[in-house]
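Residue numbers (our numbering): 12 to 699.
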């Protein structure tokens, strides 16, 4: 059964370069910069007391504490299930269902989140075990016929549209669990769900626990910023050993003059899951197809997409075909430009120059620098980390009528974690808490993500809580890193500013192909000169970024757009191909599809072995990144030339952020735009 709580860790299309979702995707790290002094704090009004509880974050120092809290939470959930079984269908049943949902969010959300961030390996391990225990609970709940019958009867009885939708979504979750199937198929559906959960966890664990490093001589790292490698460990031969993701990957792939060094790191990254994960992926495919057939459906694509905005596999495939048609020529043109850049750089004839996949980031960086005279690293002095955080908050304050105030965060999971009270300016009431984990450390999730672990709602006696997990470079942020920060901060806004009746509809409890759209829309804000001037609101001592740098960065961002979108389209098409009416061999399918791209397939590489999205919650759903990007571009147009317009911001808050999943996504978009949504603006943007 679908997990009650929604935890987000997304890699968005427009931030793929920063988050390193694939070997060609990463962000540069180069020169150091000194951060300016912090401005004096601005006095704030006293907050009106909110009668809704602001629950503390659970404090754990040892693994047994986590295990005990997990047991307590599960025992309470089981009691609530027993009570729910006895409730009368209709409003009484819905009240009990939402009470169960609220309990799970309170008890599981903050606890299982710790597997990604807690400094203690013991605590992280127990949090992961707790995650599996809650998954097992959900699997069992999904087969509870008494609760299922209550949901089915309640849908028929409830008249209020919000109540009816909440019950309908619960009913669909039960139906997808297989509780309505014949008994023999029920047992098989549960066994498949349990096995898929275990296989997905193992797939991710194989990547996480490998901790692959590649050794380099100092000479091989010529061109790579010293800040990337000088503090990294060395092996017995004195070589520097670098991890295969994050700043190290970006630094080598964009800076290393030695093509052999780039190739070794690229191959290590591309093969990070290994043969074991290819076997796991094949099993996952087969089980998903079997699951779909239990429900009388032809494919897992059909099973998943019937609940999404896109609705059908045919519509998803048509959308991806249209994307491919829009960018195919640009993809070839971008590849030709990089090949030409390589020939000039090496001083050799074009006809004997072959562009390799480990060349693309290196030469794209040079083309951007030469053509647009802009270096993304040059932005670091303008965007010190703490002030960058306050900047995105200040943008939200201007757009949405809220205020962020720093509060005590001593009782959290790590010393550097910050807590921010989110206050609605109109009522002067605190409505949410945003936790921020700003800097890298061992054992911490090493990209950028948002976890929304407690949702607020009018029926729930608690405030919303979310966590923004980033890994700021203490020297300052590049513009692309600021873009990533804005994207992930956008996910926390969905939680913090949600105003639904029920927590089960709140925040990011939306269809997956709409989940990224609000954050993708906000990415464009950091390329707007007027928006960037807000930086001086929070840091008067910071030197304003020159307008010409922003203009050049915006132009540089569009370079390579065709090849970047084409790559995402390939990933999405591959995902759909794996989940069609058969379960094809993952590697054979990938080789064939990648071979049709301008750079072809590189023998000996196993990209699918590290494609965690497809092995996990994005199976048959990777198209959603591009689909939601189309929605984002459409919504962005409503702001016209003033992205800080408080009137449009207020409408956006009321119709999109506040609504969560309380209405169908199509209706949410229509309410904001005043018309049906359209992908036309997206395709116009692609063809620019």
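Ideal Cβ placement from N, Cα and C applies to all residues, glycine included.
Task: Rounded distance between the beta-carbons of residue 165 and residue 178, thought under 8 Å - done: As a working note, residue 178 is residue 167 in the chain shown. As a working note, residue 165 is residue 154 in the chain shown. By a beta-carbon distance limit of 8 Å, residue 178 contacts residue 165. Their separation comes to about 4 Å.
Open item on the list: So for residue 285, helix, strand or coil by DSSP?
Closed with: As a first step, residue 285 must be located in the chain shown, where it is residue number 274. Three-state result, residue 285: helix.
Task: Span separating the alpha-carbon of residue 713 from that of residue 372 - done: With the chain covering only 12 through 699, there is no way to say anything about residue 713.
Open item on the list: Please list the terminal residues of the continuous alpha helix (DSSP H) segment that includes residue 677.
Closed with: Your numbering for residue 677 matches position 666 in the chain shown. Note, residue 677: alpha helix (DSSP H), 676–684.
Open item on the list: I'd like the list of long-range same chain contacts for residue 471, defined as Cβ closer than 7 Å, with 5 residues on each side in sequence excluded.
Closed with: Working through the chain shown from its first residue, we reach residue 471 at position 460. Once the five neighbours on either side are set aside, the close Cβ partners of residue 471 are 113 and 514.
Open item on the list: Can you give me the C-alpha to C-alpha distance between residue 369 and residue 261, rounded to a whole angstrom?
Closed with: Numbered from its first residue, the chain shown carries residue 369 at position 358. Numbered from its first residue, the chain shown carries residue 261 at position 250. Residue 369 and residue 261: Cα-Cα distance of roughly 11 Å.
- [ ] Report yes or no: is there a C-beta of chain D within less than 7 Å of the C-beta of residue 621?
- [x] In the displayed structure, chain D is absent; only one protein chain is listed.
- [ ] On the DSSP bridge assignment, give the partners of residue 745 in chain order.
- [x] Past the edges of the chain, shown from 12 to 699, lies residue 745, and the structure says nothing about it.
TODO: Output the boundary residues of the beta strand (DSSP E) element that contains residue 214.
DONE: Counting from 1 along the chain shown, the entry for residue 214 is found at position 203. It is not in any beta strand (DSSP E) - residue 214 instead sits in the alpha helix (DSSP H) that spans 194–221.
TODO: Tell me whether residue 363 is buried or exposed, calling it buried when 16 or more other Cβ atoms sit within 10 Å of its Cβ.
DONE: As a first step, residue 363 is located in the chain shown; it is residue number 352 there, counting from the start. The residue in question, residue 363, is exposed, as its Cβ has fewer than 16 Cβ neighbours within 10 Å.
Task: residue 67 - DSSP class collapsed to helix/strand/coil - done: Taking the chain shown and counting its residues from 1, one reaches residue 67 at position 56. When DSSP states are grouped into helix, strand and coil, residue 67 belongs to the coil group.
Task: residue 666 and residue 650 closer than 7 Å at C-beta - done: By one-based count along the chain shown, residue 666 stands at place 655. By one-based count along the chain shown, residue 650 stands at place 639. The answer is no: Cβ separation not under 7 Å.
Task: Candidates 392, 451, 399 and 140: closest to residue 213 by CA position - done: Here residue 213 corresponds to residue number 202 of the chain shown, with the count starting at 1. Nearest option by C-alpha distance: 140.
- [ ] For my contact list, residue 542 and residue 406 are in at a C-beta cut-off of 8 Å; report their separation, rounded to the angstrom.
- [x] The sequence position of residue 542 within the chain shown is 531, counting from 1. The sequence position of residue 406 within the chain shown is 395, counting from 1. Correct: roughly 6 Å between the Cβ atoms.
Open item on the list: I need the boundaries of the beta strand (DSSP E) containing residue 155, first residue and last residue.
Closed with: Along the chain shown, read from residue 1 onward, the residue named residue 155 stands at position 144. No beta strand (DSSP E) contains residue 155, which DSSP labels as neither H nor E.
Open item on the list: For residue 458 and residue 170, I'd like the C-alpha separation in whole angstroms.
Closed with: Residue numbering aside, residue 458 sits at position 447 when the chain shown is read from its first letter. Residue numbering aside, residue 170 sits at position 159 when the chain shown is read from its first letter. If you take the alpha carbons of residue 458 and residue 170, they lie about 44 Å apart.
Task: Three-state secondary structure assigned by DSSP to residue 47 - done: Within the chain shown, numbered from 1, the residue matching residue 47 stands at position 36. Any answer about residue 47 is weak, because its pLDDT of 32 lies below 50 and its placement is not dependable; what the coordinates show is given next. In this structure, DSSP gives residue 47 a state outside helix and strand, which the three-state scheme calls coil.
Open item on the list: To test your reading of the DSSP string, which unbroken alpha helix (DSSP H) runs of 4 or more residues are found completely within the region 529–584?
Closed with: Runs found: 540–543, 546–549 and 558–569.
TODO: Would you mind working out which of 107, 68 and 147 sits nearest residue 125, comparing C-alpha positions?
DONE: One-based indexing of the chain shown puts residue 125 at position 114. The shortest C-alpha separation from residue 125 is found at 68.
TODO: Figure out for me which residue from 304, 662 and 604 has the closest Cα to the Cα of residue 701.
DONE: Since the first residue shown for the chain is 12 and the last is 699, residue 701 is missing from the structure and cannot be characterised.
Task: Same chain only: Cβ atoms within 7 Å of residue 548, ignoring 5 sequence neighbours per side - done: Along the chain shown, read from residue 1 onward, the residue named residue 548 stands at position 537. Closer than 7 Å at the Cβ level, and outside the excluded window around residue 548, lie 405.
- [ ] Write down the C-beta distance between residue 334 and residue 691 rounded to the nearest angstrom, noting that I regard them as a contact closer than 8 Å.
- [x] The residue labelled residue 334 in the question sits at position 323 within the chain shown. The residue labelled residue 691 in the question sits at position 680 within the chain shown. In this structure residue 334 is not in contact with residue 691, their Cβ atoms being roughly 13 Å apart against a cut-off of 8 Å.
- [ ] Specify whether the region 488–506 and the region 617–626 touch according to this definition: at least 3 beta carbon pairs, one from each stretch, less than 8 Å apart.
- [x] The region 488–506 vs the region 617–626: no contact.
Open item on the list: Pairs of beta-carbons, one from the region 562–580 and one from the region 326–344, closer than 8 Å: are there three or more?
Closed with: With a cut-off of 8 Å, the region 326–344 and the region 562–580 count as touching, because enough Cβ pairs lie within range.
Task: Limits of the unbroken beta strand (DSSP E) element including residue 1 - done: No answer is possible for residue 1: it lies beyond the span of the chain, which begins at 12 and ends at 699.
Open item on the list: For residue 254, list the residues DSSP reports as bridge partners.
Closed with: For the purposes of this step, residue 254 is taken as the residue at position 243 of the chain shown. According to DSSP, which records beta bridges pairwise, residue 254 is partnered with 224.
Open item on the list: On the criterion of 16 or more Cβ atoms from any shown chain inside 10 Å, does residue 73 qualify as buried, or is it exposed?
Closed with: Residue mapping note: residue 73 aligns to position 62 of the chain shown, counting from 1. Around the beta carbon of residue 73, fewer than 16 other beta carbons lie within 10 angstroms, which makes this residue exposed.
Task: Residue(s) in a DSSP beta bridge with residue 441 - done: Translated into positions along the chain shown, residue 441 becomes position 430. BP columns for residue 441 point to 434.
Task: N-terminal and C-terminal residue of the alpha helix (DSSP H) that residue 477 is part of - done: Taking the chain shown and counting its residues from 1, the one referred to as residue 477 is at position 466. According to the DSSP assignment, residue 477 belongs to no alpha helix (DSSP H) but to the beta strand (DSSP E) extending over 475–480.
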